[in-house]
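Structure first, then comments.
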Amino acid sequence: MTDNLPITHSIIDSKSLSNLVSYNWSFPGPIHCELLNRGMNDVYLIRDGSNRFYACRVWRSGFRSENNIIFETELLAFLNSKNINIPFPLESQNKSLYMEINAPEGKRYFSIFSWVDGNVFGSKPDIDKSYKLGAELAKIHEVMINFAPTVSREIDMKVRLETEISYLLKMNTHRIDDLKWYQSAVNIMINKLDELNSKKIPYGVVHGDFHLYNAFFNDKKITIMDFDNCGKYYLIFDICSFIWANDYVGIDQKISESFLKGYNSVRNLNDSELSLLNFFYALKELSFLCGFAANVNSVGHTPLLSPNLDWFSEKTKLNFKKAGLI
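Numbering-wise (our numbering), the sequence shown opens with residue 266 and increments by one.
Structural data, given as C-alpha cells:
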C-alpha cells in the first residue's frame with residue numbers, strides 16, 4: 266500500500282529549530298540545538314555562542330491549547346518575578362513567550378526556558394529535603410494567590426475523566442471485570458466531585474503534576490520543574506500527587522510524612538483537606554491511569570507504567586476503599 270498515513274507526533278529537526286531560535290531570540294551565535302528527550306512534549310537543549318544553556322520545550326500538537334500555553338508561560342514569568350526558582354520563559358525579540366510551528370500533524374508551539382542545574386530530588390530523596398520541598402510547595406501556593414493571568418485555565422477533573430475513560434476501556438477490552446470496574450470507578454468519582462463544590466476546600470492555582478522528579482536541588486536552592494499541567498484547582502491535589510508518586514515508585518513513607526510537615530509549616534491544611542487526603546489520592550491515581558491511556562499512542566508505554574494492568578486494577582480498588590468510595 267502507498268497510502269499516506271497520518272502522523273501523531275513528529276520530531277522537529279534540530280537544525281531547523283536552531284535557525285528559528287537564532288532568528289527570533291537575540292542570543293549570540295552560533296546556536297546549537299539537540300533533542301534531549303521525548304515525552305508528553307519534546308525537550309531540546311539550546312547552547313548559544315557564549316556557551317550558555319537553555320531548554321526548549323516543543324508542545325505536542327493538540328495536547329495543549331494556545332490559552333493553556335499562555336497561562337503557563339505567564340505563570341512562570343510571574344513566579345520568576347517573585348523570586349521563586351523555576352525554569353522561566355525567555356521573551357523573543359518581539360516580546361513573545363512562545364512561538365508557533367507548522368508540523369506535519371498540525372500546529373505546535375515552543376518556548377525557550379532558562380536552564381536548570383542540580384540533582385533531581387527523586388534520585389536520592391531524604392527526609393530533610395522532603396521537608397524543605399513541602400515548605401516550598403506551600404510557599405508557591407501562597408505566592409500564586411496573586412497571579413492575574415490574561416486567560417483562564419480551570420482544571421475540570423470531571424470533564425477529563427469523562428473524556429479519557431474511553432481510552433482506558435479500549436486498553437482493557439480483553440479484561441471484562443476491569444471494564445466494569447473502571448466505568449464504575451469513574452462514575453463514583455464524578456459523583457463525589459459534584460459533592461465537593463459545597464465544601465470549604467482551598468482552591469487556587471496548582472502545579473498540577475507535583476512529584477519527586479519535578480524538583481531539583483542545587484546548593485540548598487530548590488527549583489520546581491514542569492508546570493505543564495498547571496491551572497486552577499484544589500490545592501490539596503498537588504500534595505496528594507506528590508504522596509501518590511512516592512508510593513508508586515516505592516519511596517519510604519517517612520519521605521511523604523516529612524513533606525506534609527514541611528507544607529504545614531507554611532500553610533496548615535484545614536479539616537476539610539485532611540479528611541479528603543485519601544479521596545484526592547484516589548483521584549490522582551485514576552486520572553493518571555486515564556491520562557496514560559489517552560496518550561499512549563503518542564508517547565508509548567513510558568517507564569512510568571512499569572506495573573501491569575493487574576497491579577493497577579487491584580491498587581485502584583484498594584485506594585477507593587481507603588477513601589470510603591466503595
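Think of the CB as a built atom: it goes at the ideal place given N, C-alpha and C, for glycine as much as any other residue.
In this text the structure is predicted, and so the values were computed from the model without any measurement.
Extent of the continuous beta strand (DSSP E) to which C321 belongs: As a working note, residue 321 is residue 56 in the sequence shown. Counting along the chain, the beta strand (DSSP E) containing C321 begins and ends at F318 to V323.
Contact with chain C by S530, beta-carbon distance below 7 angstroms: No chain C appears in the structure shown, which is made up of a single protein chain.
Close Cβ partners of D459 (< 8 angstroms) along its chain, the five nearest in sequence each way excluded: On the sequence shown, residue 459 is found 194 positions in, with the first residue counted as 1. The residues are K423.
A235: first and last residue of the uninterrupted alpha helix (DSSP H) it sits in: Shown here, the chain extends from 266 to 591; a query on residue 235 therefore has no answer.
Tell me H297's beta-bridge partners as DSSP assigns them. Residue numbering aside, residue 297 sits at position 32 when the sequence shown is read from its first letter. DSSP, once it has assigned bridges, lists R312 as partnering H297.
Return yes when the Cβ of F492 is within less than 7 angstroms of the Cβ of K394, no when it is not. Sequence index remark: in the sequence shown, residue 394 carries index 129 (1-based). Sequence index remark: in the sequence shown, residue 492 carries index 227 (1-based). At a Cβ-Cβ threshold of 7 angstroms, K394 and F492 do not count as neighbours.
Roughly how many angstroms lie between the CA atoms of L500 and V470, to the nearest whole one? On the sequence shown, residue 500 is found 235 positions in, with the first residue counted as 1. On the sequence shown, residue 470 is found 205 positions in, with the first residue counted as 1. Distance from the CA atom of L500 to the CA atom of V470, rounded to whole angstroms, is 7 angstroms.
Would you identify the three-state DSSP class for R373, choosing helix, strand or coil? As a working mapping, residue 373 is identified with position 108 in the sequence shown. If DSSP states are grouped into helix, strand and coil, R373 belongs with the strands.
Is it buried or exposed, E331, if we count other Cβ atoms within 10 angstroms and call 16 or more buried? Looking up residue 331 in the sequence shown gives position 66. If you draw a 10 Å sphere on the C-beta of E331, you find fewer than 16 other C-beta atoms in it, and that means exposed.
For Y319 versus I377, is the C-beta spacing smaller than 7 angstroms? Stepping through the sequence shown from its first residue, residue 319 is reached at position 54. Stepping through the sequence shown from its first residue, residue 377 is reached at position 112. Contact: yes.
Tell me whether G473 is buried or exposed, calling it buried when 16 or more other Cβ atoms sit within 10 Å of its Cβ. What you label residue 473 is simply residue 208 of the sequence shown in a count that begins at 1. With at least 16 other beta carbons inside 10 angstroms of its own, G473 counts as buried.
Reduced DSSP secondary structure (H/G/I, E/B, other) of I366: Here the question's residue 366 lines up with position 101 in the sequence shown. Residue state for I366 is assigned as strand, using DSSP reduced to three classes.
By how many angstroms is the C-alpha of R373 removed from the C-alpha of N367? In the sequence shown, residue 367 corresponds to position 102, counting from 1. In the sequence shown, residue 373 corresponds to position 108, counting from 1. Cα to Cα, N367 sits roughly 6 angstroms from R373.
Could you tell me which residues DSSP pairs with G496 in its beta bridges? If you number the sequence shown from 1, residue 496 lands on position 231. DSSP lists V471 as partners of G496.
My output table needs one value for D393: the three-state DSSP class, helix, strand or coil. Position 128 of the sequence shown, counted from the start, is the residue given in the question as residue 393. Under the three-state reduction of DSSP output, D393 falls in the helix class.
Does D268 pass the burial test, meaning 16 or more other C-beta atoms within 10 Å, or should it be called exposed? Counting from 1 along the sequence shown, the entry for residue 268 is found at position 3. With fewer than 16 neighbouring CB atoms inside 10 Å of its own CB, D268 falls in the exposed class.
Between the beta-carbon of V323 and the beta-carbon of I272, is there less than 7 angstroms? Within the sequence shown, residue 323 is the residue found at index 58, counting from 1. Within the sequence shown, residue 272 is the residue found at index 7, counting from 1. Remark: C-beta atoms of V323 and I272 do not approach each other more closely than 7 angstroms.
Pick helix, strand or coil for V514, following the three-state DSSP scheme. Counting from 1 along the sequence shown, the entry for residue 514 is found at position 249. Note: V514 maps to coil in three-state DSSP.
Among N511, Q518 and C505, which residue has its Cα nearest to the Cα of L539? Taking the sequence shown and counting its residues from 1, one reaches residue 539 at position 274. For the set N511, Q518 and C505, the Cα lying nearest the Cα of L539 is the one of C505.
Mind reading off the beta-carbon distance from A558 to L433? Whole number of angstroms is fine, and I expect it under 8 angstroms. For the purposes of this step, residue 558 is identified with residue 293 of the sequence shown, where counting begins at 1. For the purposes of this step, residue 433 is identified with residue 168 of the sequence shown, where counting begins at 1. A Cβ-Cβ separation of about 4 angstroms places A558 in contact with L433 under the 8 angstroms criterion.
May I have the straight-line CA-CA distance separating A403 from P293, to the nearest angstrom? In the sequence shown, residue 403 corresponds to position 138, counting from 1. In the sequence shown, residue 293 corresponds to position 28, counting from 1. A403 and P293: Cα-Cα distance of roughly 38 angstroms.
Apart from the five residues just before and just after N560, which ones in its own chain have a Cβ nearer than 7 angstroms to its Cβ? Along the sequence shown, one-based indexing puts residue 560 at 295. Spatial neighbours of N560 in its own chain (CB-CB distance under 7 angstroms, excluding positions within 5 residues in sequence) are listed in chain order as M305.
Give me the residue from F544, C555, G556 and D575 with the minimum Cα distance to N584. The residue labelled residue 584 in the question sits at position 319 within the sequence shown. Of the candidates F544, C555, G556 and D575, the residue whose Cα lies closest to the Cα of N584 is F544.
Under the DSSP definition of a beta bridge, which residues are partnered with F292? Sequence index remark: in the sequence shown, residue 292 carries index 27 (1-based). Residue pairing by DSSP places F292 in no beta bridge whatsoever.
Note down, in chain order, each residue of its chain lying with its Cβ closer than 7 angstroms to the Cβ of I349, except the 5 sequence neighbours on either side. Start at 1 with the first residue of the sequence shown, and residue 349 comes out as number 84. Once the five neighbours on either side are set aside, the close Cβ partners of I349 are I405 and V408.
Under the three-state reduction of DSSP, which class applies to S431: helix, strand or coil? Taking the sequence shown and counting its residues from 1, the one referred to as residue 431 is at position 166. In the three-state reduction of the DSSP assignment, S431 falls in the helix class.
With DSSP run on the structure shown, which of helix, strand or coil describes E356? What you label residue 356 is simply residue 91 of the sequence shown in a count that begins at 1. In this structure, E356 counts as coil in the three-state DSSP scheme.
Beta-carbon spacing of I520, P354 below 7 angstroms: Position 255 of the sequence shown, counting from 1, holds the residue named residue 520. Position 89 of the sequence shown, counting from 1, holds the residue named residue 354. In this structure, P354 does not lie closer than 7 angstroms to I520 by Cβ.
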